[in-house]
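This report refers to the structure that appears directly beneath it.
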Amino acid sequence: MRRFLVLAAALVALPALAQTDGRLHDQGHALTDRSPRADGRLDAARPLLGTWDVAVTTFPTDTTTHTATGQAEITYMNRGYALMERRIVEDAVPGRTDHALSFLVFSPGPDRWALGEGRSETEHIEVYDGVAEAGGLALRTAVRRGGGTLLTYERVRYAMADDGLTVTVETSTDDGATWAPHERRSYTRRAAAPLLAVRADDGVPAEGLPAEARQFDFLLGVWDAQHQITLPTGQQVAFPTTTTASIALGGHGLLEHSWFDLDPTLPDAATTILRLYNRAERRWESLYLTNRVNTLLDFGGAWEGDRMVLHPFDTHLGGTISRFVFYDIEPDRYLWLAESSTDRGETFTTTWTIDVTRR
């Protein structure tokens, strides 16, 4: 009984958090079904949709646990081609609130699921890949922690039921022979998630951020963008898009959404990008999702002089290297280009330009 009263008191207190996140521009957020042009295998994740109370248990040591509570909302995104989870958990780390935002997508080309998640607590975006399994999904990634050589595998498993959902995160340091619990999230359906209500404007940043975490504020708002792409054949392709950006992740990140309707092969084309500044790495991290091929791209970078220069994190000097550059940034206009190099960065060829003007 005492445990129930403590949990109830925590849930009542949740909506008192300051509202920071800006409006959601993606039309997919209001959909009740996937786009009819999306791959039908996305329906395997349909039980995730809804608003939830969440109990999050972490395992700081082999013998201790910590449990916190929050709310989550899982909706369609990217005009109905993927799913997005927004989650807020108070006291996730004692005394701090963790804001999480994730993209979950099925990629028909490789026949794989992909998950990307950014968190305000870690200021990091993690990307996973995996498959459907009986009653859910299983996705994995591998990283080297702290600059060491030992690989740490991380596994995320979704177990779905009509009345609830469990997400288990486990780690392994012996190539998957054994797994240790890292985090367990238990979801229970609720009527609404007031903690996740957004503002009617572009949002406000969190307090206490470093100046570097405000470098992308120029993106906020609604924009008209003119694209020009140079195909490998040399043919030029031009088209307009609507581009938007608002504050996300409890004021710690930005969420961009762009769309256009001119391609007869994909009349509801869209892209979504989550941007988050990582103080530990002193760089921006970006999670990009396009519904043209339904894949995630993890990339980032830093301010260089008067330009923001970003690149895929797997870039090296062999083969082709790529970079994405924001430049000529003014209050109501900025330019963007994508470049590639095959001579170790001595010269770059521009493959894509965007001229962006505030609406």
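In the working numbering, the protein residues as written are 428 to 786.
All C-beta atoms, glycine included, are put in the ideal place defined by N, C-alpha and C.
Margin query: On a Cα-Cα basis, can you pick out the residue from Trp650, Thr595 and Pro659 that is closest to Leu563?
Written below: Walking along the sequence shown from the start, residue 563 turns up at place 136. The sequence shown places Gly at residue 563, not Leu. For Gly563, the closest of Trp650, Thr595 and Pro659 by C-alpha to C-alpha distance is Thr595.
Next item on the list: Report buried or exposed for Val783, applying the criterion of at least 16 other Cβ atoms within 10 angstroms of its Cβ.
Entry: One-based indexing of the sequence shown puts residue 783 at position 356. If you draw a 10 Å sphere on the C-beta of Val783, you find 16 or more other C-beta atoms in it, and that means buried.
Check: Alpha carbon to alpha carbon, how far is Pro608 from Thr490?
Finding: One-based indexing of the sequence shown puts residue 608 at position 181. One-based indexing of the sequence shown puts residue 490 at position 63. When rounded, the distance between both Cα atoms is 11 Å.
Check: Can Leu542 be considered in contact with the ligand GDP, in the sense that its beta carbon sits closer than 6 Å to one or more heavy atoms?
Finding: Questions concerning the ligand GDP fall outside what the structure shown contains, since it holds no ligand whatsoever.
Check: Expressed to the nearest angstrom, what Euclidean distance is found between the alpha-carbon atoms of Arg760 and Gln662?
Finding: Taking the first residue of the sequence shown as position 1, residue 760 is located at position 333. Taking the first residue of the sequence shown as position 1, residue 662 is located at position 235. Taking the straight line joining both Cα atoms gives about 27 Å.
Checklist line | Proximal residues to Ala437 (C-beta, below 6 Å), its chain only, five neighbours per side dropped | finding: Residue mapping note: residue 437 aligns to position 10 of the sequence shown, counting from 1. Note that Ala437 scores a pLDDT of 40, beneath 50, so its modelled location is shaky and nothing firm can be said.
Next item on the list: Closer than 6 Å by C-beta to Thr698: which residues in its own chain qualify, once you throw out the five before and the five after it? Chain order, please.
Entry: Here the question's residue 698 lines up with position 271 in the sequence shown. The beta carbon of Thr698 sits closer than 6 Å to the beta carbons of Ser685 and Thr717 from its chain, once the five residues preceding and following it are set aside; these are given in chain order.
Check: Looking at the structure shown, is Arg571 part of a helix, part of a strand, or coil, going by DSSP?
Finding: Here residue 571 corresponds to residue number 144 of the sequence shown, with the count starting at 1. DSSP, read as helix, strand or coil, puts Arg571 in strand.
Margin query: One question on the structure: do Thr485 and Glu610 come within less than 7 Å of each other, judged by their Cβ atoms?
Written below: Residue numbering aside, residue 485 sits at position 58 when the sequence shown is read from its first letter. Residue numbering aside, residue 610 sits at position 183 when the sequence shown is read from its first letter. Taking 7 Å as the Cβ cut-off, Thr485 and Glu610 qualify as a contacting pair.
Next item on the list: Pick out whichever of His493, Ser673 and Ser767 has its Cα sitting closest to the Cα of Leu646.
Entry: Here the question's residue 646 lines up with position 219 in the sequence shown. It is Ser673.
Notebook entry, point to check: Which one or two residues does DSSP pair with Leu646 in a beta bridge?
Noted result: The residue given as residue 646 occupies position 219 in the sequence shown. Paired residue(s): none; Leu646 is not in a bridge.
Check: Hey, Gly507 and Gly455: beta-carbon distance below 7 Å or not?
Finding: One-based indexing of the sequence shown puts residue 507 at position 80. One-based indexing of the sequence shown puts residue 455 at position 28. Pairing Gly507 with Gly455 gives a Cβ-Cβ distance under 7 Å.
Item checked: CB of Phe751 within 7 Å of CB of Ala729, strictly -> To locate residue 751, count along the sequence shown from 1; it is residue 324. To locate residue 729, count along the sequence shown from 1; it is residue 302. Taking 7 Å as the Cβ cut-off, Phe751 and Ala729 do not qualify as a contacting pair.
Item checked: Per DSSP, cross-strand counterpart(s) of His526 -> Start at 1 with the first residue of the sequence shown, and residue 526 comes out as number 99. Beta-bridge analysis with DSSP links His526 to Ile515.
Notebook entry, point to check: Mind checking Ala588: buried by the 16 CB within 10 Å criterion, or exposed?
Noted result: Residue numbering aside, residue 588 sits at position 161 when the sequence shown is read from its first letter. With fewer than 16 other Cβ atoms within 10 Å, it is exposed.
Next item on the list: Can you grab the Cα-Cα spacing for the pair Thr780 / Tyr555, in whole Å?
Entry: Mapped onto the sequence shown, residue 780 falls at position 353. Mapped onto the sequence shown, residue 555 falls at position 128. The C-alpha of Thr780 lies about 30 Å from the C-alpha of Tyr555.
Item checked: In DSSP terms, what Phe687 is bridged to -> Counted from its first residue, the sequence shown places residue 687 at position 260. Phe687 is bridged to Ala696.
Note to self: So if DSSP puts Trp606 in a beta bridge, which residue, or which two residues, is it bridged to?
What the structure shows: What you label residue 606 is simply residue 179 of the sequence shown in a count that begins at 1. Answer is none; Trp606 lacks a bridge partner.
Next item on the list: Jot down the residue ranges of each uninterrupted beta strand (DSSP E) in the segment 701-755, minimum 3 residues, whole runs only, in chain order.
Entry: List check, beta strand (DSSP E) in window: 710-717, 722-731 and 734-739.
Notebook entry, point to check: With a Cβ-Cβ cutoff of 7 Å, do His543 and Leu723 count as a contact?
Noted result: As a first step, residue 543 must be located in the sequence shown, where it is residue number 116. As a first step, residue 723 must be located in the sequence shown, where it is residue number 296. Residue identity check: residue 543 is Gly in the sequence provided, not His. Closer than 7 Å, so yes.
Check: Exposed or buried, Thr447, counting other C-beta atoms within 10 Å across all chains shown (16 or more means buried)?
Finding: Residue mapping note: residue 447 aligns to position 20 of the sequence shown, counting from 1. Thr447 is buried by the Cβ-count criterion.
Margin query: Can you tell me whether His452 is helix, strand or coil according to DSSP?
Written below: Taking the sequence shown and counting its residues from 1, the one referred to as residue 452 is at position 25. In this structure, His452 counts as coil in the three-state DSSP scheme.
Margin query: Does the contact criterion of 3 or more C-beta pairs under 8 Å hold for the segment 596-603 versus the segment 457-472?
Written below: Contact between the segment 596-603 and the segment 457-472 is absent, because fewer than three Cβ pairs lie under 8 Å.
Next item on the list: Just the C-alpha distance for Gly467 and Asp725, rounded to the nearest angstrom, thanks.
Entry: Counting from one through the sequence shown, the residue named residue 467 turns up at place 40. Counting from one through the sequence shown, the residue named residue 725 turns up at place 298. Taken atom to atom, the span from the alpha-carbon of Gly467 to that of Asp725 is near 25 Å.
Note to self: So for Pro621, helix, strand or coil by DSSP?
What the structure shows: One-based indexing of the sequence shown puts residue 621 at position 194. Reduced to three states, the DSSP call for Pro621 is helix.
Item checked: Neighbourhood of Asp620 by C-beta distance below 8 Å, restricted to the same chain and skipping five residues each side -> To locate residue 620, count along the sequence shown from 1; it is residue 193. For clarity, residue 620 is Ala in the given sequence; the question names Asp instead. Hits under 8 Å: Thr478, Trp479, Gln498, Ala499 and Glu500.
Checklist line | Beta-carbon proximity of Leu744 to Asp755, cut-off 7 Å | finding: Here residue 744 corresponds to residue number 317 of the sequence shown, with the count starting at 1. Here residue 755 corresponds to residue number 328 of the sequence shown, with the count starting at 1. In this structure, Asp755 does not lie closer than 7 Å to Leu744 by Cβ.
Note to self: So, for Asp770: in the same chain, excluding its five sequence neighbours on each side, which residues have a beta-carbon less than 8 Å away from its beta-carbon?
What the structure shows: On the sequence shown, position 343 is the one that residue 770 refers to. Nothing listed; no residue qualifies.
Notebook entry, point to check: Are the CB atoms of Phe533 and Trp540 nearer to each other than 7 Å?
Noted result: Taking the first residue of the sequence shown as 1, we reach residue 533 at position 106. Taking the first residue of the sequence shown as 1, we reach residue 540 at position 113. It is a contact, given that the beta carbons lie within the stated cut-off.
Check: Count the other CB atoms within 10 Å of the CB of Val583; is the residue buried (16 or more) or exposed (fewer)?
Finding: Here residue 583 is taken as the residue at index 156 of the sequence shown, counted from 1. It counts as buried.
Notebook entry, point to check: Considering only residues of the same chain and omitting the five flanking positions on each side of Gln642, which have a CB-CB separation below 7 Å?
Noted result: Taking the first residue of the sequence shown as position 1, residue 642 is located at position 215. Cβ-Cβ distances below 7 Å link Gln642 to Trp730 and Met735 in the same chain, with the five nearest sequence neighbours on each side left out; the list follows chain order.
Item checked: Identity of the residues DSSP links to Tyr580 by a beta bridge -> For the purposes of this step, residue 580 is identified with residue 153 of the sequence shown, where counting begins at 1. According to DSSP, Tyr580 bridges with Ala569 and Ser599.
Checklist line | Opposing strand residues paired with Phe775 [DSSP bridges] | finding: Numbered from 1 along the sequence shown, position 348 holds the residue referred to as residue 775. Answer is none; Phe775 lacks a bridge partner.
Note to self: Just to confirm the assignment, what range does the beta strand (DSSP E) spanning Thr502 have?
What the structure shows: Here residue 502 corresponds to residue number 75 of the sequence shown, with the count starting at 1. Counting along the chain, the beta strand (DSSP E) containing Thr502 begins and ends at His493 to Met504.
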